[in-house]
């Protein structure tokens, strides 16, 4: 496809086909704050755009003009807004527009307007299917882009069609396969498994929780020092109201110093996969988790919890020294309140 | 380990960077146009929090800036607010006083919040503020789910716009511009399993402003998190302090100067600011300083007013030990409105509608 070579286009003020539009210069009072030194091309295009907005014209050339401005300034809110209105007024083929957006979205992944415009278009076409593939492709460019993930969540929840949801777990798994520390993917998994993605037939929540536990344990075994996986584990336990102590057998080996080299695991336990070789142990998140278990148990266990917090404060996680000391103080407060 | 002292905070250099941006921006910054008032706020806020405003600017400059900001106050069917800049305003279409705006030149809620604070930094008397119109504008921006759109006819609606509505209502000392209950419900619906808040319901927990916006808004409405939720949120925020001392915006991402404010201020709002390792945070920010002034998001990058202001604000709120020298001492900051206490008191004193009866009573009392 031949793309218009914008650089070579003459200014709108020199194009005879625009001679009937009265360009309107930008108003500025005497001393604007942070004036921007516009390029001639930008000043020219926006002069004509203000003229068009004033006259209310909605025509194919408006689409060309707004595209030109958007390419120079993808954050130009009004150009996007007016472009959308014009597309609607002209009943323009929206698939063409989406194709143009495919290109602009990848170029300007962090511009809010790009995604907002896309939402408006897809609400019109009501054809969300191809969007999931488009999103998957743009996530290859930027795997943690907030707008892109939000857009995926919106597509799924807005159209809420079983067919759309059907491959979501596979998708998340492939994203985590390539980067097990991608928090956006973990978050998306929570969204799919515990929030909007819950489908008819998923009613056996116990089975779902068992599946998720196995999944997250396996990922922790691969990379124990991964806050995203531990946060997911905590999140799902809280959600399912499962006490942390049920995970004690699994978590304990992660909270201990490195086992001596050559020590084979005594029993291979599928419920409690062991840390992979060469893992850096003890794992801070596991020590924290064990301390939480002991704190919840109360009584003499508080001594153990305090020892664990101390080891975090003074040795394993010193940047959060104040936090771990605060945990010790708080637990003592709770204890004395309980004793009283 | 021996304590190593911090490099100085070069307040003068950062003020110069911001002053320079206020005087003009290169064409490559054209995307600032739809958020110009926010940029102005970051520049003015940097000058204010570092105590450099009077030193670096002249009376006539500050008067002109006030005029420019007031020229962004526009009125229409949906009420009155401030637009980002005059980038969609045509010459010769301007009348004196609050202008009638077209659909494509309408006020925006985040810009309105930053305009009010900027005017307070400049110690304006707010005699030109259309307070009734502003309340009407807030009402037109609120959606049925309690969230706020950035402008009456649409635009983004997320926790940032919600926070701005709460801050504007606080500054006006008038909450009749919104349905508080549904707005609070919207905030709760953005909470995530990690303990932070996403930009909108079901979004990933994000330190970039949204968690701060949620917590500050709740506090402005004098609401407390329940103790378990508070613990979880504190845990997540503290976990975001990276080994290099800076804060991350999301789990497992890299530290960035702006999150030192967003996460640090969030902790402060929860009365847990002391859990931050302030010395390590200051050390990270010290290395984000650009040698010719301004603060960048990470060491070695180019600075901008957004990261400059938020870094300074983070230091003002959570300063390192005073033994680090006076360069690190900044003006104390109000974490809820995000301005120095002097500015926020000015805003709270001058933005509400004058109460004639109360004044009379007050005089009698004195």
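Protein chains in written order, with the working numbering: chain A, 1 to 340; chain B, 1001 to 1366.
All C-beta atoms, glycine included, are put in the ideal place defined by N, C-alpha and C.
State yes or no: is the beta carbon of residue i nearer than 7 Å to at least one beta carbon in chain B?
{"i": "residue 138 of chain A", "result": "no"}
{"i": "residue 280 of chain A", "result": "no"}
{"i": "residue 334 of chain A", "result": "no"}
{"i": "residue 35 of chain A", "result": "yes"}
{"i": "residue 25 of chain A", "result": "yes"}
{"i": "residue 319 of chain A", "result": "yes"}
{"i": "residue 187 of chain A", "result": "yes"}
{"i": "residue 250 of chain A", "result": "no"}
{"i": "residue 290 of chain A", "result": "no"}
{"i": "residue 75 of chain A", "result": "yes"}
Tell me the rounded alpha-carbon separation between residue i and residue j.
{"i": "residue 1368 of chain B", "j": "residue 1081 of chain B", "result": "Outside the modelled stretch of chain B, which goes from 1001 to 1366, sits residue 1368 of chain B, for which no answer is possible."}
{"i": "residue 1106 of chain B", "j": "residue 80 of chain A", "result": "14 Å"}
{"i": "residue 1272 of chain B", "j": "residue 138 of chain A", "result": "39 Å"}
{"i": "residue 1270 of chain B", "j": "residue 22 of chain A", "result": "56 Å"}
{"i": "residue 199 of chain A", "j": "residue 1077 of chain B", "result": "44 Å"}
{"i": "residue 34 of chain A", "j": "residue 204 of chain A", "result": "59 Å"}
{"i": "residue 1230 of chain B", "j": "residue 1261 of chain B", "result": "19 Å"}
{"i": "residue 2 of chain A", "j": "residue 144 of chain A", "result": "Unreliable positioning characterises residue 2 of chain A in this predicted model, as indicated by a pLDDT of 45, which lies under 50. A coordinate reading is not provided."}
{"i": "residue 129 of chain A", "j": "residue 149 of chain A", "result": "16 Å"}
{"i": "residue 1264 of chain B", "j": "residue 65 of chain A", "result": "44 Å"}
{"i": "residue 1317 of chain B", "j": "residue 1152 of chain B", "result": "34 Å"}
{"i": "residue 69 of chain A", "j": "residue 1109 of chain B", "result": "24 Å"}
{"i": "residue 1304 of chain B", "j": "residue 1020 of chain B", "result": "11 Å"}
{"i": "residue 134 of chain A", "j": "residue 102 of chain A", "result": "8 Å"}
{"i": "residue 1331 of chain B", "j": "residue 302 of chain A", "result": "42 Å"}
{"i": "residue 1063 of chain B", "j": "residue 1122 of chain B", "result": "8 Å"}
{"i": "residue 1120 of chain B", "j": "residue 216 of chain A", "result": "51 Å"}
{"i": "residue 317 of chain A", "j": "residue 1301 of chain B", "result": "28 Å"}
{"i": "residue 89 of chain A", "j": "residue 58 of chain A", "result": "7 Å"}
{"i": "residue 310 of chain A", "j": "residue 1173 of chain B", "result": "46 Å"}
{"i": "residue 189 of chain A", "j": "residue 1204 of chain B", "result": "11 Å"}
The alpha helix (DSSP H) that contains residue i, what's its start and end?
{"i": "residue 235 of chain A", "result": "227 to 240"}
{"i": "residue 1045 of chain B", "result": "1036 to 1049"}
{"i": "residue 1166 of chain B", "result": "1159 to 1172"}
{"i": "residue 63 of chain A", "result": "60 to 72"}
{"i": "residue 1278 of chain B", "result": "1278 to 1288"}
{"i": "residue 209 of chain A", "result": "205 to 222"}
{"i": "residue 105 of chain A", "result": "94 to 107"}
{"i": "residue 1232 of chain B", "result": "1227 to 1239"}
{"i": "residue 1142 of chain B", "result": "No alpha helix (DSSP H) holds residue 1142 of chain B; DSSP gives it neither H nor E."}
{"i": "residue 301 of chain A", "result": "301 to 311"}
According to DSSP, is residue i helix, strand or coil?
{"i": "residue 1334 of chain B", "result": "strand"}
{"i": "residue 1341 of chain B", "result": "helix"}
{"i": "residue 1074 of chain B", "result": "strand"}
{"i": "residue 153 of chain A", "result": "helix"}
{"i": "residue 1082 of chain B", "result": "strand"}
{"i": "residue 194 of chain A", "result": "helix"}
{"i": "residue 1025 of chain B", "result": "strand"}
{"i": "residue 1255 of chain B", "result": "strand"}
{"i": "residue 1246 of chain B", "result": "coil"}
{"i": "residue 1309 of chain B", "result": "helix"}
{"i": "residue 1197 of chain B", "result": "strand"}
{"i": "residue 26 of chain A", "result": "strand"}
{"i": "residue 1154 of chain B", "result": "strand"}
{"i": "residue 345 of chain A", "result": "The structure shown does not extend to residue 345 of chain A, since chain A is modelled only from 1 through 340, so no value can be given for it."}
{"i": "residue 1221 of chain B", "result": "coil"}
{"i": "residue 1148 of chain B", "result": "strand"}
{"i": "residue 1191 of chain B", "result": "strand"}
By the 10 Å Cβ neighbour count, where 16 or more other Cβ atoms means buried, how is residue i classified, buried or exposed?
{"i": "residue 294 of chain A", "result": "buried"}
{"i": "residue 1005 of chain B", "result": "exposed"}
{"i": "residue 123 of chain A", "result": "exposed"}
{"i": "residue 131 of chain A", "result": "buried"}
{"i": "residue 46 of chain A", "result": "buried"}
{"i": "residue 210 of chain A", "result": "exposed"}
{"i": "residue 114 of chain A", "result": "buried"}
{"i": "residue 1328 of chain B", "result": "buried"}
{"i": "residue 117 of chain A", "result": "buried"}
Measure from the C-beta of residue i to each C-beta in chain A and report whether the shortest distance is under 7 Å.
{"i": "residue 1281 of chain B", "result": "no"}
{"i": "residue 1097 of chain B", "result": "Note that residue 1097 of chain B scores a pLDDT of 48, beneath 50, so its modelled location is shaky and nothing firm can be said."}
{"i": "residue 1049 of chain B", "result": "no"}
{"i": "residue 1252 of chain B", "result": "yes"}
{"i": "residue 1065 of chain B", "result": "yes"}
{"i": "residue 1120 of chain B", "result": "no"}
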